[in-house]
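Working notes for the structure below.
Protein chains: 2
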Amino acid sequence: MNILITGGTGFIGKQIAIKILELGTISFDGQAAQKIDKVILFDAFAGEELPQDPKIQVITGDITDKSLVEKITENIDVVWHLAAVVSSAAEADFDLGMNVNLYGLLTLLEALRKHGSKPRVIFASGCAVFGGELPDVVTDQTVVTPKSSYGMQKAIGELLVSDYSRKGFIDGRVLRLPTIVVRPGKPNKAASTFFSSIIREPLKGESAICPVQADTPVFITSPRRCVESMIQAATLSPNQLADNRIIPLPGLTVTVQQMLDALEKVAGKSAVDLVQWQEDKTIQRIVQSWPVQVKAEYAESLGFKADENFESIIQAHIEDTQK
Amino acid sequence: MNILITGGTGFIGKQIAIKILELGTISFDGQAAQKIDKVILFDAFAGEELPQDPKIQVITGDITDKSLVEKITENIDVVWHLAAVVSSAAEADFDLGMNVNLYGLLTLLEALRKHGSKPRVIFASGCAVFGGELPDVVTDQTVVTPKSSYGMQKAIGELLVSDYSRKGFIDGRVLRLPTIVVRPGKPNKAASTFFSSIIREPLKGESAICPVQADTPVFITSPRRCVESMIQAATLSPNQLADNRIIPLPGLTVTVQQMLDALEKVAGKSAVDLVQWQEDKTIQRIVQSWPVQVKAEYAESLGFKADENFESIIQAHIEDTQK
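If you're matching them up, the sequences are chains A and B in order.
Just so we're aligned, residue 1 is where the first sequence starts under the working numbering, counting upward by one.
Just so we're aligned, residue 324 is where the second sequence starts under the working numbering, counting upward by one.
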């Protein structure tokens, strides 16, 4: 079985690669497990600290390069499409966001359609498809109302993956992800990046800035749970999905204060004291426009689960970064 | 004031042109009325029975032809974007539907963005953005779930027009239209085309086939009401629209039987007898997947109205075709 991960040198891409190579096989729909022969990590950037495995092939290039994308999608059985320009960057540079998030996806879908092998495609969407006035509890039936270009591009991606699946060009699955916390590595250009920084940096003895009020809630998933969900999405039978390919994932709702309380339990008051409070009204406004309470009935019926508590997320982060 | 109507040689395009030239001016947001200087009818087809007026300029071409679209959008103040490959055709030829309905819209939006004059853009969407399991009453908050490529392309168009408006590239307004009945002229490739045929043909003394059961309901707007709504959408102030550019229109819900009862009142039993019943399960299934009861609160708050009854729609059709 051959795997393609776009955005593959990013941290979730690398984790999926490591995890499926640890597993060694993938089993579709309860059928016989199939050996993994090759994992292509495709990305615009070469990346750092890439997993070392002879089955891994790193290819850098442009996701809108039609002939290149046709080449890397040859004989591929599963695609995780994670390549994306993140929210703030897509808002600051509209063309860049459109190129990667919309035209890149279209290039990928057309290449897969041309090959005709109907691979499983797992597309990473997110809660940025929502914005503005939201109901107290967001459900599978909540209408998407993106208020950012990134959210618009993800919402379009959901529609494209659904219709390409309905037409039988691919066998797609859209995961609508909560905010991922604690992300390892460095801050990125997502408005949500500080949710990771305020845990990650203090654990290293470094200070971090929190731009929102302590009672600000956020709907999250851990990197480990995200990777598990990503792999689970590939193993689901198309029969389980019927005609609904969009799976809003469950997650954990915590306030910044609850996150810091958990940090104190794990790493002591000195860690929490490294968090500096500098309110940024723009970030506060963006964060408040996201769903906080999400009822993910469809995903739960398919077996997807939320993290149990924030303390265990911190513990897992410590384990993973000490590897 | 310069006007561009794409799909301009189609029947709604021609009617908008006739109506605004009759009016002679357009008044934005209650401000001073502005004289109409030029109306470009742009279409892939030359069309027939075009309105004769020195202000009208007919241009045929491809909506994805970037340099041509940049040329026809120069100094344009209002665009009605009606150009589309209809439902059955977009389902039968996926590439054709994607080219016109998605890439054509993108070409238009990018040309308008490049010119930088932020024209008003009225985009014709439709109830095909819905499909599958629907609530009994579809509202402004009902999640879109297209089950056709046409519906997917229209749903994407809604998102694009909304975000291009939010970014200030255009001043867009999306009208989500009910099925238009009675369409003049010949049947087209839309699954809904028979709803017009079963009225239009008998009025000419010709037979028509009804492929669905008599108790099948449909949610409709008349051509006249559609054209009025299209023009009204152009005159709304952006302040009235705030951050919601998607306007699901109100309409009239009637069954096929009620339509034929109205036909009998207007044209007698001999007209109704010209309708032949030949059930087509595919069409029945498609039609039943559309919304029937729609609560259009947002549109009504903006002053949009449904037709009053089906008899008056038939009367208007007779008047309009005898002109």
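Idealized CB from N, CA, C, for every residue including glycine.
Taking C-alpha atoms, which residue in the options lies nearest to residue i?
i	options	result
residue 288 of chain A	A/244, A/192, A/116, A/69	A/192
residue 325 of chain A	A/219, A/243, A/25	Since the first residue of chain A shown is 1 and the last is 323, residue 325 of chain A is not available in this structure.
residue 492 of chain B	B/546, B/429, B/537	B/429
residue 383 of chain B	B/532, B/390, B/367	B/367
residue 388 of chain B	B/596, B/438, B/434	B/434
residue 497 of chain B	B/642, B/505, B/506, B/477	B/477
residue 305 of chain A	A/32, A/273, A/250, A/313	A/250
residue 552 of chain B	B/338, B/644, B/370, B/355	B/338
residue 422 of chain B	B/480, B/459, B/463	B/480
residue 118 of chain A	A/166, A/209, A/267	A/166
residue 29 of chain A	A/231, A/269, A/278	A/231
residue 278 of chain A	A/258, A/314, A/207, A/47	A/207
residue 136 of chain A	A/258, A/291, A/283	A/291
Please report how far the alpha carbon of residue i lies from the alpha carbon of residue j, in whole angstroms.
i	j	result
residue 457 of chain B	residue 201 of chain A	47 Å
residue 508 of chain B	residue 583 of chain B	19 Å
residue 256 of chain A	residue 350 of chain B	50 Å
residue 226 of chain A	residue 159 of chain A	22 Å
residue 275 of chain A	residue 234 of chain A	38 Å
residue 444 of chain B	residue 128 of chain A	25 Å
residue 49 of chain A	residue 205 of chain A	22 Å
residue 324 of chain B	residue 619 of chain B	31 Å
residue 397 of chain B	residue 85 of chain A	31 Å
residue 211 of chain A	residue 198 of chain A	10 Å
residue 446 of chain B	residue 67 of chain A	34 Å
residue 307 of chain A	residue 31 of chain A	28 Å
residue 310 of chain A	residue 151 of chain A	26 Å
residue 357 of chain B	residue 348 of chain B	5 Å
residue 608 of chain B	residue 539 of chain B	11 Å
residue 141 of chain A	residue 603 of chain B	31 Å
residue 116 of chain A	residue 76 of chain A	11 Å
residue 420 of chain B	residue 511 of chain B	15 Å
residue 320 of chain A	residue 23 of chain A	17 Å
residue 502 of chain B	residue 594 of chain B	23 Å
residue 416 of chain B	residue 427 of chain B	15 Å
residue 517 of chain B	residue 606 of chain B	10 Å
residue 19 of chain A	residue 254 of chain A	27 Å
residue 369 of chain B	residue 588 of chain B	37 Å
residue 258 of chain A	residue 269 of chain A	14 Å
residue 283 of chain B	residue 563 of chain B	This structure cannot settle anything about residue 283 of chain B, because the visible part of chain B is limited to 324 through 646.
residue 209 of chain A	residue 95 of chain A	30 Å
Please say whether residue j and residue i have beta carbons closer to each other than 8 Å?
i	j	result
residue 10 of chain A	residue 102 of chain A	no
residue 472 of chain B	residue 413 of chain B	yes
residue 467 of chain B	residue 568 of chain B	no
residue 248 of chain A	residue 294 of chain A	yes
residue 236 of chain A	residue 302 of chain A	yes
residue 183 of chain A	residue 196 of chain A	yes
residue 547 of chain B	residue 487 of chain B	no
residue 41 of chain A	residue 63 of chain A	no
residue 361 of chain B	residue 375 of chain B	no
residue 411 of chain B	residue 513 of chain B	yes
residue 326 of chain B	residue 392 of chain B	no
residue 585 of chain B	residue 526 of chain B	no
residue 181 of chain A	residue 72 of chain A	no
residue 80 of chain A	residue 172 of chain A	no
Please report the Cβ distance between residue i and residue j, rounded to the nearest whole angstrom; I am assuming they are in contact, meaning their Cβ atoms lie under 8 Å.
i	j	result
residue 131 of chain A	residue 146 of chain A	5 Å
residue 639 of chain B	residue 545 of chain B	6 Å
residue 21 of chain A	residue 55 of chain A	6 Å
residue 17 of chain A	residue 7 of chain A	Going by Cβ atoms, the distance from residue 17 of chain A to residue 7 of chain A rounds to 11 Å, so no, they are not a contact pair.
For residue i, which residues in chain D fall below 7 Å Cβ to Cβ?
i	result
residue 141 of chain A	The displayed structure is made up of protein chains A and B, and chain D is not among them.
At a CB distance below 8 Å, what residues from the segment 151 to 166 of chain A approach chain B? Give them in sequence order. Those residues of the segment 151 to 166 of chain A that come within reach of chain B (Cβ to Cβ, closer than 8 Å) are 152, 155, 156, 159, 160, 162, 163, 166.
Any residues in the segment 555 to 588 of chain B with a beta carbon nearer than 7 Å to a beta carbon of chain A? Which ones, in chain order? Those residues of the segment 555 to 588 of chain B that come within reach of chain A (Cβ to Cβ, closer than 7 Å) are 566.
Selection of the segment 442 to 462 of chain B by Cβ proximity to chain A, strictly under 8 Å: Residues passing the 8 Å Cβ filter: 455.
Quick one, which residues of the segment 42 to 60 of chain A are near chain B if we go by CB-CB under 9 Å, in chain order? Near chain B, meaning a CB-to-CB distance below 9 Å, no residue of the segment 42 to 60 of chain A qualifies.
Output, in sequence order along the chain, the residues in the segment 631 to 646 of chain B whose CB is closer than 7 Å to any CB in chain A. Here the close residues number zero.
Below 8 Å between beta carbons is the criterion; list the residues of the segment 407 to 420 of chain B that meet it against any residue of chain A, in chain order. Of all residues in the segment 407 to 420 of chain B, only 417 come within less than 8 Å of chain A when Cβ atoms are compared, listed by chain position.
If you measure beta-carbon to beta-carbon, which residues of the segment 596 to 615 of chain B are closer than 7 Å to chain A? Of all residues in the segment 596 to 615 of chain B, none has a C-beta nearer than 7 Å to a C-beta of chain A.
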